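*Asks:* The numbering of the sequence shown is our numbering, which starts it at 267 and goes up by one.
Backbone N, C-alpha and C define an ideal beta-carbon position, used for all residues, glycine too.
In this text the structure is predicted, and so the values were computed from the model without any measurement.
Structure provided below as structure tokens; questions to follow.
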Amino acid sequence: MAQAAGSGAVSRRPRTLAVSALAVLALVLATVGAAVWLTGGLVLLAVAVVGVAVVVAAACGWWALTTRRRWKRRLNLILGVVAVVVAVLAVALFSGAFAGYLALLVVLTVAYAEVARRALTTAAVDVPGSSSPPARPWLLVNPHSGAGKASRLGLVEAAGRYGVDVHLLAPGDDVRTVAEAAVAAGADAVGVAGGDGSLGEVAAVAVRARLPFFCIPTGTRNHFAADLGLDRARPLAALDALDGRERHIDVGTVGGRTFLNNVSLGAYAELVRESGYREDKLGTARALLPGILRGERPALEVGFRLPDGAACADAVVLFVGNNPYLPSALQPGARPRLDMGVLQVSVLRARTGTQIAAVLSQVATGRAGDPTTWVQWTAPAFLVTSAHSEIHAAIDGESTVLAAPLEFRTHPGALRVLVPTQQRHRLAASLAPLRLRTARNLWAVARGARPR
Numbered sequence: 267m268a269q270a271a272g273s274g275a276v277s278r279r280p281r282t283l284a285v286s287a288l289a290v291l292a293l294v295l296a297t298v299g300a301a302v303w304l305t306g307g308l309v310l311l312a313v314a315v316v317g318v319a320v321v322v323a324a325a326c327g328w329w330a331l332t333t334r335r336r337w338k339r340r341l342n343l344i345l346g347v348v349a350v351v352v353a354v355l356a357v358a359l360f361s362g363a364f365a366g367y368l369a370l371l372v373v374l375t376v377a378y379a380e381v382a383r384r385a386l387t388t389a390a391v392d393v394p395g396s397s398s399p400p401a402r403p404w405l406l407v408n409p410h411s412g413a414g415k416a417s418r419l420g421l422v423e424a425a426g427r428y429g430v431d432v433h434l435l436a437p438g439d440d441v442r443t444v445a446e447a448a449v450a451a452g453a454d455a456v457g458v459a460g461g462d463g464s465l466g467e468v469a470a471v472a473v474r475a476r477l478p479f480f481c482i483p484t485g486t487r488n489h490f491a492a493d494l495g496l497d498r499a500r501p502l503a504a505l506d507a508l509d510g511r512e513r514h515i516d517v518g519t520v521g522g523r524t525f526l527n528n529v530s531l532g533a534y535a536e537l538v539r540e541s542g543y544r545e546d547k548l549g550t551a552r553a554l555l556p557g558i559l560r561g562e563r564p565a566l567e568v569g570f571r572l573p574d575g576a577a578c579a580d581a582v583v584l585f586v587g588n589n590p591y592l593p594s595a596l597q598p599g600a601r602p603r604l605d606m607g608v609l610q611v612s613v614l615r616a617r618t619g620t621q622i623a624a625v626l627s628q629v630a631t632g633r634a635g636d637p638t639t640w641v642q643w644t645a646p647a648f649l650v651t652s653a654h655s656e657i658h659a660a661i662d663g664e665s666t667v668l669a670a671p672l673e674f675r676t677h678p679g680a681l682r683v684l685v686p687t688q689q690r691h692r693l694a695a696s697l698a699p700l701r702l703r704t705a706r707n708l709w710a711v712a713r714g715a716r717p718r
């Protein structure tokens, strides 16, 4: 769990970064104040016009996607284009200086967000203990992930230069059995090159054997790798983890299975369950998503308790994440931390397209909404019951069937993960500091305390 502010001193570097971030924030506020004063408040009117136009364009796009009627779809597309034109005209007609002001404000805001993220990340993460590179690392390579990305990049040859024993996943191989055999043969670190669905079984072996785990992002999406800070555009760079540092992160379990990202019941589980999903993800999604977004999916036949103790039996989608996902309109699938020791439970109860639109707005902005349509909370464990003996689910994006009841549980710091010394960060994590709470945490770090 994250330490409370004031529960331990931080080093000079995060304190310097926090002071720098607060200084940039002061520049942002000064820029806004100066623009309002110099224009007599007209700049606020222009910003309001642009903001309303953007919201209208987004709403029209939503209704164009979810409506069944062709004339409504065309009308919303026309209105959306008109709204975009209004926004452009508002910027152009106000003056060129206004456009320059907006550009300056964006630059300062992004600079503040990045410095703030660096300050809080540096202050919150424990200093990793020293560890020697593994002597006999072992890597399971899924040659089919990412349309054969491992082969195209020459991963096997690159791994060989690091002294890695590579096993190519073959038809009929049981991932857990193969990984256990490698550990029995003397491997002192185990890794996976593939998509998110390939990771859990090998990670479970690493947890049980108390060995380091590493990940090479050669899948399609690689959400776990992104949250870990790996560069998904340069998968081979992840091999530097073998000479990097060690982190301890949480894992989740349900029904004897280990998950690193999340488990989903409902719409997404139905999507990945479709026979043509792997070959044509976009086409399958295009066929199913409109009905889902119009609220036409039936409720899940499961039951569980909400945070207030009330029973819930009308969930349309149930999503259990290994650590909280960031509320962000840019990248809602990002987790800023993987070591908070909690599960994030998200329950969609909305039944109409209008309600779902409102929920998406709430999730994107991090606002509290109507608990009759959307509920989200964190807990170390979570129980799901059902009148059926089996429940269809998606674990880290892979379709599976689990025996009811489902007992979700987090295991804090259970997985030792090797990561490169130099890491990248997701855009959503960079923009996460644009909240009032961040400024309070920066003030705490600047005074030498840890953030909340």
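Look up A284 in the DSSP assignment and say whether it is helix, strand or coil.
*Replies:* Here residue 284 is taken as the residue at index 18 of the sequence shown, counted from 1. In this structure, A284 counts as helix in the three-state DSSP scheme.
*Asks:* What would DSSP say about A705, mapped onto helix, strand or coil?
*Replies:* For this step, residue 705 is matched to residue 439 along the sequence shown. It is helical.
*Asks:* Have a look at the DSSP bridge pairing and note the partners of C481.
*Replies:* Taking the sequence shown and counting its residues from 1, the one referred to as residue 481 is at position 215. V458.
*Asks:* Which term fits P280, buried or exposed, when burial requires 16 or more other beta carbons within 10 angstroms of its beta carbon?
*Replies:* Taking the sequence shown and counting its residues from 1, the one referred to as residue 280 is at position 14. P280 is buried by the Cβ-count criterion.
*Asks:* With C-beta atoms as the reference, is F490 less than 8 angstroms away from G457?
*Replies:* For the purposes of this step, residue 490 is identified with residue 224 of the sequence shown, where counting begins at 1. For the purposes of this step, residue 457 is identified with residue 191 of the sequence shown, where counting begins at 1. No, these two residues do not count as a Cβ contact at 8 angstroms.
*Asks:* If you follow the alpha helix (DSSP H) that V489 is part of, which residue opens it and which one closes it?
*Replies:* Residue mapping note: residue 489 aligns to position 223 of the sequence shown, counting from 1. Correcting the residue identity first, residue 489 is His in this sequence and not Val. 489-494 is the span of the alpha helix (DSSP H), which, as asked, contains H489.
*Asks:* Which same chain residues, not among the five before or five after R384, have their C-beta less than 6 angstroms away from its C-beta?
*Replies:* Here residue 384 refers to the residue found at position 118 of the sequence shown. Counting only Cβ-Cβ distances below 6 angstroms, and skipping sequence neighbours, we find L283.
*Asks:* With 16 other CB atoms within 10 Å as the buried threshold, where does V393 fall?
*Replies:* As a working note, residue 393 is residue 127 in the sequence shown. With a pLDDT of 45 at V393, under the threshold of 50, the modelled position of that residue is not reliable, and the figure given next carries that caveat. The residue in question, V393, is exposed, as its Cβ has fewer than 16 Cβ neighbours within 10 Å.
*Asks:* Give the secondary structure of N342 by DSSP, where H, G and I count as helix, E and B as strand, and everything else as coil.
*Replies:* Position 76 of the sequence shown, counted from the first residue, corresponds to residue 342. Correct three-state label for N342: helix.
*Asks:* Determine the direct distance from the alpha carbon of A600 to that of G518, and round the result to whole angstroms.
*Replies:* Mapped onto the sequence shown, residue 518 falls at position 252. Mapped onto the sequence shown, residue 600 falls at position 334. Cα to Cα, G518 sits roughly 17 angstroms from A600.
*Asks:* So, helix, strand or coil for E656, using DSSP?
*Replies:* Residue mapping note: residue 656 aligns to position 390 of the sequence shown, counting from 1. In the structure shown, E656 sits in a strand (DSSP, three-state: E or B).
*Asks:* On a Cα-Cα basis, can you pick out the residue from G429, R402, P437, D497 that is closest to A450?
*Replies:* In the sequence shown, counting from the first residue as 1, residue 450 sits at position 184. Nearest option by C-alpha distance: R402.
*Asks:* If we call anything under 8 angstroms between Cβ atoms a contact, is P686 one with A504?
*Replies:* Stepping through the sequence shown from its first residue, residue 686 is reached at position 420. Stepping through the sequence shown from its first residue, residue 504 is reached at position 238. Taking 8 angstroms as the Cβ cut-off, P686 and A504 qualify as a contacting pair.
*Asks:* According to DSSP, which residues form a beta bridge with W404?
*Replies:* Counting from 1 along the sequence shown, the entry for residue 404 is found at position 138. DSSP lists D431, V456 as partners of W404.
*Asks:* In the DSSP output, what is A645 paired with across the bridge?
*Replies:* Numbered from 1 along the sequence shown, position 379 holds the residue referred to as residue 645. Answer is L609.
*Asks:* Expressed to the nearest angstrom, what Euclidean distance is found between the alpha-carbon atoms of V711 and L702?
*Replies:* On the sequence shown, residue 711 is found 445 positions in, with the first residue counted as 1. On the sequence shown, residue 702 is found 436 positions in, with the first residue counted as 1. Going by the C-alpha atoms only, they are around 15 angstroms apart.
*Asks:* Does the distance from the C-beta atom of I661 to that of F570 stay below 8 angstroms?
*Replies:* In the sequence shown, counting from the first residue as 1, residue 661 sits at position 395. In the sequence shown, counting from the first residue as 1, residue 570 sits at position 304. No, the Cβ-Cβ distance between I661 and F570 is not below 8 angstroms.
*Asks:* Among the residues of its own chain, which have a CB less than 7 angstroms from the CB of L370, if the five just before and after it don't count?
*Replies:* In the sequence shown, residue 370 corresponds to position 104, counting from 1. Hits under 7 angstroms: T297.
*Asks:* Taking contact to mean at least 3 C-beta pairs separated by less than 8 angstroms, is the segment 611-625 in contact with the segment 574-585?
*Replies:* The segment 611-625 is in contact with the segment 574-585.
*Asks:* Given this structure, state the Cα-to-Cα distance separating M606 from T704, to the nearest angstrom.
*Replies:* By 1-based counting over the sequence shown, the position of residue 606 is 340. By 1-based counting over the sequence shown, the position of residue 704 is 438. Approximately 17 angstroms, taken between the alpha carbons.
*Asks:* Anyone know if the C-beta pair for T644 and P590 falls short of 8 angstroms?
*Replies:* Translated into the one-based positions of the sequence shown, residue 644 becomes position 378. Translated into the one-based positions of the sequence shown, residue 590 becomes position 324. Yes, they are a contact pair.
*Asks:* Looking at the unbroken alpha helix (DSSP H) that takes in V468, where does it start and where does it end?
*Replies:* As a working note, residue 468 is residue 202 in the sequence shown. Where V468 is concerned, the enclosing alpha helix (DSSP H) stretches over 465-475.
*Asks:* So, V683 versus L494, is the Cβ gap smaller than 8 angstroms?
*Replies:* Taking the first residue of the sequence shown as position 1, residue 683 is located at position 417. Taking the first residue of the sequence shown as position 1, residue 494 is located at position 228. It is a contact, given that the beta carbons lie within the stated cut-off.
*Asks:* Label I344 either buried or exposed according to how many other C-beta atoms from any shown protein chain fall within 10 Å of its C-beta, with 16 as the threshold for buried.
*Replies:* Looking up residue 344 in the sequence shown gives position 78. Exposed is the call here.
*Asks:* Here's a check: name, in chain order, each residue in its chain whose Cβ is nearer than 7 angstroms to the Cβ of A382, leaving out the five neighbours to either side.
*Replies:* For the purposes of this step, residue 382 is identified with residue 116 of the sequence shown, where counting begins at 1. Result list for A382: A287, P699, T704, L708, in chain order.
*Asks:* Between the alpha carbons of V586 and G420, how many angstroms are there, rounded?
*Replies:* Position 320 of the sequence shown, counted from the first residue, corresponds to residue 586. Position 154 of the sequence shown, counted from the first residue, corresponds to residue 420. Cα-Cα distance, rounded: 36 angstroms.
*Asks:* Could you check where the alpha helix (DSSP H) with V276 kicks off and where it finishes?
*Replies:* For the purposes of this step, residue 276 is taken as the residue at position 10 of the sequence shown. Counting along the chain, V276 falls outside any alpha helix (DSSP H), and DSSP gives it neither H nor E.
*Asks:* Let me make sure I understand the geometry here. Which of A389, V302, A314, Y378 has the alpha-carbon closest to that of V276?
*Replies:* Locating residue 276 in the sequence shown gives position 10, where the first residue counts as 1. With distances taken between Cα atoms, V276 lies closest to A389.
*Asks:* Could you tell me the boundaries of the beta strand (DSSP E) in which A669 lies?
*Replies:* If you number the sequence shown from 1, residue 669 lands on position 403. Note, A669: beta strand (DSSP E), 664-669.
*Asks:* Less than 8 angstroms between the beta carbons of F674 and V568, yes or no?
*Replies:* Taking the first residue of the sequence shown as 1, we reach residue 674 at position 408. Taking the first residue of the sequence shown as 1, we reach residue 568 at position 302. No. Outside cutoff.
*Asks:* For the beta strand (DSSP E) containing L537, name the first residue and the last one.
*Replies:* To locate residue 537, count along the sequence shown from 1; it is residue 271. Unbroken run through L537 is the alpha helix (DSSP H), 533-539; no beta strand (DSSP E).
*Asks:* Using the rule of at least 16 other Cβ atoms within 10 Å of the residue's Cβ for burial, across every protein chain shown, is G463 buried or exposed?
*Replies:* Here residue 463 refers to the residue found at position 197 when the sequence shown is read from its first residue. Buried.
*Asks:* Compare the C-alpha of A507 against each of H433, L405, V629 and name the closest.
*Replies:* Within the sequence shown, residue 507 is the residue found at index 241, counting from 1. Residue L405 is the option with its Cα nearest to A507.
*Asks:* Buried or exposed: where does V321 fall if 16 or more other Cβ atoms within 10 Å of its Cβ makes it buried?
*Replies:* The count along the sequence shown starts at 1 and reaches residue 321 at position 55. Classification of V321: exposed, given that the 10 Å Cβ count is below 16.
*Asks:* With distances taken from CA atoms, which of T375, T676, W303 is nearest V290?
*Replies:* Your numbering for residue 290 matches position 24 in the sequence shown. Nearest C-alpha to V290: T375.
*Asks:* Applying the 10 Å Cβ sphere with the 16-neighbour rule, what's the burial state of L496?
*Replies:* Residue mapping note: residue 496 aligns to position 230 of the sequence shown, counting from 1. Under this definition L496 is a buried residue.
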